[in-house]
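Following the working numbering, the numbering of the sequence shown begins with 41 at its first residue and continues without gaps. Below is one structure, written out as structure tokens; comments come after it.
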Amino acid sequence: MIKPFVYGALIGILGGLMGLGGAEFRLPVLTFIFDFTTLHAVIINLIVSWVTVIASLLFRWESWIAIEPYWHIVLTLLSGSLIGASMGASLASRIDEQKLDRIVAVLLGIIALIMITETLTRFDPLGFNTVLMIFLGFGSGIIIGLFSSMLGVAGGELIIPTIALLYGVDIKIAGTLSLMISFPTIIVGLYRYRKREPFAIVKPNLSFIGSMASGSILGAWAGKSMLGWLSSSHLQIFLALILSLSAIKLYKKGMQ
């Protein structure tokens with residue numbers, strides 16, 4: 041399957057250039073280009089995101105040692121994100137398709153807003169006390185898990201600024217920590233979806249998923265190699281605008 045491979049590669053390149061997995065752009069492609077229903081697109085996106093996260097972790101193996109002092113951050117956010125992922129998958133499976141379209145559209149719009157804010161804002165740590173940071177980290181994790189399982193994304197666009205703001209961790213290290221958090225969060229989301237009827241979409245589309253995942257991995261590697269060729273901040277604003285248009289289109293679809 042050439043078409044899903046090409047789209048996966050293009051999305052992977054864009055994600056690699058911005059330090060993200062690109063899953064937030066994959067979802068509109070799955071719904072509007074390949075005509076999957078929103079829930080089916082979320083499930084497929086979640087699987088491709090999981091494969092991409094594994095590859096990204098392998099690409100960053102040299103930085104694994106550097107994260108040793110930050111395991112408490114991973115565990116704090118992860119404790120919330122696992123709960124959020126379970127809640128999000130259950131909610132998405134129960135509500136009707138039109139309402140899901142509207143909810144996903146709003147979440148995509150929020151992601152677009154966050155992307156623009158990230159570009160225009162310098163992340164200075166908030167400097168809260170330890171107890172408050174634990175509660176904020178846990179609460180942030182729940183929100184991250186909800187976004188992950190309802191959009192089928194790894195959640196890096198939320199996890200990285202959260203880590204930078206709450207804990208003052210360097211962005212590069214935050215990227216690796218983000219992958220560590222995303223990996224089990226996606227597994228929980230997939231496990232919850234696996235118990236639901238819509239998960240049946242996976243088996244007849246295994247070749248499609250494999251092709252798009254392969255393209256995404258290749259694209260992510262290429263995008264990372266191309267860092268410095270383009271202004272990631274300008275690219276992020278441009279893609280956020282595209283994401284906003286996709287959100288509007290999906291919301292209108294949910295109102296029909």
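Even for Gly, the Cβ is constructed at its ideal location relative to N, Cα and C. This structure is a prediction, so every number in the text was calculated from the model and none was measured.
Exercise for review: Answer yes if the region 195-207 comes into contact with the region 216-224, meaning at least three C-beta pairs across the two stretches below 8 Å, and no otherwise.
Suggested key: For the pair of segments examined, the region 216-224 was found to touch the region 195-207: the number of CB pairs separated by less than 8 Å reaches three.
Review point. Cβ of G128 within 7 Å of any heavy atom in the ligand FAD?
Key: Within the structure as shown, the ligand FAD is missing, as the structure has no ligands at all.
Exercise for review: Could you please give the first and the last residue of the uninterrupted alpha helix (DSSP H) stretch that includes F99?
Suggested key: On the sequence shown, residue 99 is found 59 positions in, with the first residue counted as 1. Here the alpha helix (DSSP H) through F99 covers T78 to F99.
Practice item. Could you please give the first and the last residue of the uninterrupted alpha helix (DSSP H) stretch that includes P68? Key: Stepping through the sequence shown from its first residue, residue 68 is reached at position 28. It spans A63 to P68 - the alpha helix (DSSP H) in which P68 sits, taken as one unbroken run.
Point to revise | A125 in three-state terms, based on DSSP | key: Along the sequence shown, read from residue 1 onward, the residue named residue 125 stands at position 85. Three-state DSSP puts A125 in a helix.
**Study point:** 8 Å CB neighbourhood of L330 in its chain, flanking five on each side removed
**Key:** Nothing about residue 330 can be read from this structure; the chain reaches only from 41 to 296.
Review point. Alpha carbon to alpha carbon, what distance is there between F45 and S256?
Key: As a position in the sequence shown, residue 256 is number 216, starting the count at 1. As a position in the sequence shown, residue 45 is number 5, starting the count at 1. Answer to the nearest angstrom: the Cα atoms are 7 Å apart.
**Study point:** Three-state secondary structure assigned by DSSP to I213
**Key:** Here residue 213 is taken as the residue at index 173 of the sequence shown, counted from 1. Here I213 sits in helix by DSSP.
Check your understanding: R142 lies in the alpha helix (DSSP H); which residues open and close that run?
Key -> In the sequence shown, counting from the first residue as 1, residue 142 sits at position 102. Unbroken alpha helix (DSSP H) run through R142: E137 to L160.
Check your understanding: On the three-state DSSP scale, how would you describe M41?
Key -> Position 1 of the sequence shown, counted from the start, is the residue given in the question as residue 41. In the structure shown, the three-state DSSP call for M41 is coil.
Exercise for review: Measuring only between beta-carbons, confirm whether A240 sits less than 8 Å from chain C.
Suggested key: This model lacks chain C altogether, as it is built from one protein chain only.
Check your understanding: At what residues does the alpha helix (DSSP H) containing F175 begin and finish?
Key -> In the sequence shown, the residue the question calls residue 175 occupies position 135. F175 -> alpha helix (DSSP H) spans T170 to L191.
Check your understanding: Is it right to say N169 is buried, meaning 16 or more other beta carbons lie within 10 angstroms of its own, or is it exposed?
Key -> Along the sequence shown, one-based indexing puts residue 169 at 129. If you draw a 10 Å sphere on the C-beta of N169, you find fewer than 16 other C-beta atoms in it, and that means exposed.
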